[in-house]
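Sequences listed follow chains A and B, in order. In case it helps, my numbering puts the first sequence at residues 43 to 202. In case it helps, my numbering puts the second sequence at residues 6 to 279. What follows is one structure encoded as structure tokens, with my remarks underneath.
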Amino acid sequence: MDEMSLEFVLNFGVPAVLIVVAYFTGSLIEQRHFRRIIKKENELRDILAFAIRRVPKDFALLEPKLVCGSAVISVDYFKKFAAGLRGIIGGRIGTYESLFERARREAIVRMKDEARRHGGNIVLNVKLETARIYAGGGRATVSVEAMAYGTAYSKSDGGA
Amino acid sequence: MGVPKHTNPKVPEGISSGHEHPLAEVAKSSAIVIALFAVVVVGSYVAVRLVTPLLPFAWERALTQRMPQAGIDTDSAESPTQRYLTSLTARVAAASDLPEDMVITVHYVEGDTVNAFATLGGHIVVFEGLWTLLNSENAAAMLLGHEIAHVRNRDPILSASGALLASLAAGILLDDVGLVDTLVDMGSLLIALHFSREQETQADSDAARAVIKLYGHLNGATDLYARIQTVAKEVKQPPAFLASHPHSEERIANLRRQASRNGWTFQGDKKPLP
Chain A
43 MDEMSLEFVL NFGVPAVLIV VAYFTGSLIE QRHFRRIIKK ENELRDILAF AIRRVPKDFA
103 LLEPKLVCGS AVISVDYFKK FAAGLRGIIG GRIGTYESLF ERARREAIVR MKDEARRHGG
163 NIVLNVKLET ARIYAGGGRA TVSVEAMAYG TAYSKSDGGA
Chain B
6 MGVPKHTNPK VPEGISSGHE HPLAEVAKSS AIVIALFAVV VVGSYVAVRL VTPLLPFAWE
66 RALTQRMPQA GIDTDSAESP TQRYLTSLTA RVAAASDLPE DMVITVHYVE GDTVNAFATL
126 GGHIVVFEGL WTLLNSENAA AMLLGHEIAH VRNRDPILSA SGALLASLAA GILLDDVGLV
186 DTLVDMGSLL IALHFSREQE TQADSDAARA VIKLYGHLNG ATDLYARIQT VAKEVKQPPA
246 FLASHPHSEE RIANLRRQAS RNGWTFQGDK KPLP
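So this is what it looks like as structure tokens:
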């Protein structure tokens, strides 16, 4: 094998294999993660979350407590490749949209989980933060973090 | 006034993501990126072909003057062959209708290589291996006329800019820009550039016109091609000159057609080499 074809294999072959492998592992993990998120969301459906800052006058709320949940999800080689192509031509990066959706929903699920552990059943002033975590060189995003936080209360009447 | 009833309905999936299958997305964007790349490459190639002939010859000359010329010793005492080549080149160049600013420099290089070529900056390299095959001044004039025609038609700079573009495109694809290497290779006079068949045929035809102007006939002009063909049959490795030029039979046939069209004769006295 001459130098040129070796270079070709290194430059195209190795990334191609990584992309294919990452597609299968990434899709499998993503599907399973979404199933888990949906299951947890159903379990936590009775915990209400609102973005409003002030407690409405007709709410009787007790025991305010800061609750938060965060999730860090890794980018995979396939998602990065798809995003790289989008970086040239523009448009929706579907592979990153699902990544951030998982991070956001997982963060809210964990926040609600914490609210329940503290005896809360409603969370007000819910906010979401996202952060990108970079590899050492700072060139490529390796993973994303979503954090959800808010003030948890226990509603005295239970029904609202 | 009753307390408003709050519910937490199940939101349908696929609102914030999943509008398109990831593979479909990648296939679509890859196709667009590849098409864009092809358009850019073809576009730049066409642009280069259009613009390069307009570049002043002096720029081309300046480019080669800055490059180290490995293997070509320009300062050494000139050999008789080099002196003879220089004077013959001057005569052929005068018969070749060169633009005023175009300067031709011929270099005689000792060695077995059976080759001769024109390169950037009006430099022509003739190797000893090819020179010994020449049997008359007419054949030598035809050879020099051919290389001078390449320079006049701006073939070296066209070929060089094409090669530069190709290495640029490969560099982007391979994420490793070997542009500097390509530039150094091209600047070095000992690297032959590749010309198209059309460029070769045109150079032959221009050379024949110059030979007619100098000697009034084409006798001996095609001897070199015939001899190279003979040599090619004797040795296993075909001469480098053959690898970069059309078949000798084809070139001789082309010249005969051109001669009969213009009423040129193949009858006349061959001038011997000194």
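Idealized CB from N, CA, C, for every residue including glycine.
Measure the Cβ-Cβ separation of residue i and residue j and say whether it is below 8 Å.
i: residue 165 of chain A; j: residue 192 of chain A; result: yes
i: residue 97 of chain B; j: residue 215 of chain B; result: yes
i: residue 145 of chain A; j: residue 188 of chain A; result: yes
i: residue 138 of chain B; j: residue 229 of chain B; result: yes
i: residue 135 of chain B; j: residue 93 of chain B; result: no
i: residue 186 of chain A; j: residue 153 of chain A; result: no
i: residue 225 of chain B; j: residue 141 of chain B; result: yes
i: residue 162 of chain A; j: residue 99 of chain A; result: no
i: residue 124 of chain A; j: residue 149 of chain A; result: no
i: residue 111 of chain B; j: residue 131 of chain B; result: yes
i: residue 247 of chain B; j: residue 233 of chain B; result: yes
i: residue 120 of chain B; j: residue 245 of chain B; result: yes
i: residue 152 of chain B; j: residue 129 of chain B; result: yes
i: residue 52 of chain A; j: residue 155 of chain A; result: no
Would you mind reading off the limits of the beta strand (DSSP E) that contains residue i?
i: residue 105 of chain A; result: 103-116
i: residue 167 of chain A; result: 164-176
i: residue 110 of chain B; result: 110-114
i: residue 252 of chain B; result: Premise fails: residue 252 of chain B is in no beta strand (DSSP E) and is neither H nor E.
i: residue 132 of chain B; result: 128-132
i: residue 76 of chain A; result: Counting along the chain, residue 76 of chain A falls outside any beta strand (DSSP E), though it belongs to the alpha helix (DSSP H) covering 56-85.
Whole angstroms are fine: how far does the CA of residue j sit from the CA of residue i?
i: residue 6 of chain B; j: residue 90 of chain A; result: Confidence at residue 6 of chain B is low in this model, with a pLDDT of 43, below 50, so its placement is unreliable and no value can be given for it.
i: residue 171 of chain B; j: residue 24 of chain B; result: 39 Å
i: residue 213 of chain B; j: residue 223 of chain B; result: 7 Å
i: residue 107 of chain B; j: residue 59 of chain A; result: 54 Å
i: residue 201 of chain A; j: residue 118 of chain A; result: Confidence at residue 201 of chain A is low in this model, with a pLDDT of 46, below 50, so the placement of that residue is unreliable and no value is reported for it.
i: residue 68 of chain B; j: residue 85 of chain B; result: 29 Å
i: residue 160 of chain A; j: residue 42 of chain B; result: 57 Å
i: residue 158 of chain B; j: residue 100 of chain B; result: 15 Å
i: residue 79 of chain A; j: residue 12 of chain B; result: 19 Å
i: residue 82 of chain A; j: residue 47 of chain A; result: 50 Å
i: residue 109 of chain B; j: residue 236 of chain B; result: 29 Å
i: residue 103 of chain B; j: residue 63 of chain B; result: 14 Å
i: residue 278 of chain B; j: residue 88 of chain B; result: 13 Å
i: residue 238 of chain B; j: residue 57 of chain B; result: 39 Å
i: residue 83 of chain B; j: residue 147 of chain B; result: 23 Å
i: residue 254 of chain B; j: residue 231 of chain B; result: 8 Å
i: residue 4 of chain B; j: residue 197 of chain A; result: Since the displayed chain B opens at 6 and closes at 279, residue 4 of chain B lies outside it and no answer follows.
i: residue 143 of chain A; j: residue 46 of chain B; result: 38 Å
In the DSSP assignment, find the alpha helix (DSSP H) that holds residue i and state where it starts and stops.
i: residue 158 of chain A; result: 136-159
i: residue 212 of chain B; result: 202-220
i: residue 151 of chain B; result: 142-157
i: residue 62 of chain B; result: 62-70
i: residue 124 of chain A; result: 119-131
i: residue 123 of chain B; result: Looking at the DSSP string, residue 123 of chain B is not in any alpha helix (DSSP H); the run it does join, the beta strand (DSSP E), is 121-124.
i: residue 234 of chain B; result: 228-239
i: residue 87 of chain B; result: 85-99
i: residue 104 of chain B; result: No alpha helix (DSSP H) contains residue 104 of chain B, which DSSP labels as neither H nor E.
i: residue 273 of chain B; result: Element bounds for residue 273 of chain B: n/a, residue is neither H nor E.
i: residue 34 of chain B; result: 27-56
Nearest by alpha-carbon distance to residue i: which of the options is it?
i: residue 44 of chain B; options: B:17, B:149, B:174 and B:142; result: B:174
i: residue 77 of chain A; options: B:27, B:219 and B:19; result: B:19
i: residue 272 of chain B; options: B:143, B:118, B:83 and B:104; result: B:143
i: residue 154 of chain B; options: B:122, B:28 and B:47; result: B:122
i: residue 120 of chain A; options: A:66, A:49 and A:47; result: A:66
i: residue 36 of chain B; options: A:130, A:167, A:55 and A:139; result: A:130
i: residue 166 of chain B; options: B:278, B:38 and B:59; result: B:59
i: residue 133 of chain B; options: B:202, B:152, B:113 and B:147; result: B:113
i: residue 27 of chain B; options: A:170, A:196, A:176 and A:140; result: A:140
i: residue 38 of chain B; options: A:115, A:84 and A:132; result: A:132
i: residue 217 of chain B; options: B:270, B:151, B:47 and B:239; result: B:270
i: residue 134 of chain A; options: B:30, B:227 and B:276; result: B:30
i: residue 69 of chain A; options: A:155, A:55 and A:138; result: A:138
i: residue 169 of chain B; options: B:127, B:17, B:53 and B:66; result: B:53
Kindly give me the distance between the Cβ atoms of residue i and residue j, rounded to whole angstroms, as I take these residues to be in contact under 8 Å.
i: residue 177 of chain B; j: residue 125 of chain B; result: At roughly 24 Å, the Cβ-Cβ gap does not stay under 8 Å, so residue 177 of chain B and residue 125 of chain B are not in contact.
i: residue 205 of chain B; j: residue 250 of chain B; result: 6 Å
i: residue 113 of chain A; j: residue 157 of chain A; result: Contact flag wrong, Cβ pair sits at about 16 Å.
i: residue 22 of chain B; j: residue 127 of chain A; result: Wrong, their Cβ atoms sit about 17 Å apart, outside the cutoff.
i: residue 151 of chain A; j: residue 93 of chain A; result: The pair is not a contact, with the Cβ atoms about 17 Å apart (cut-off 8 Å).
i: residue 201 of chain B; j: residue 263 of chain B; result: Not quite, the Cβ-Cβ distance comes to about 18 Å (not below 8 Å), so this is no contact.
i: residue 184 of chain A; j: residue 116 of chain A; result: 7 Å
i: residue 66 of chain B; j: residue 116 of chain B; result: Rounded, the Cβ-Cβ distance is 25 Å, inconsistent with contact.
Just checking: is the beta-carbon of residue i within a distance shorter than 8 Å of some beta-carbon in chain C?
i: residue 24 of chain B; result: Chain labels in this structure do not include chain C; the protein chains are A and B.
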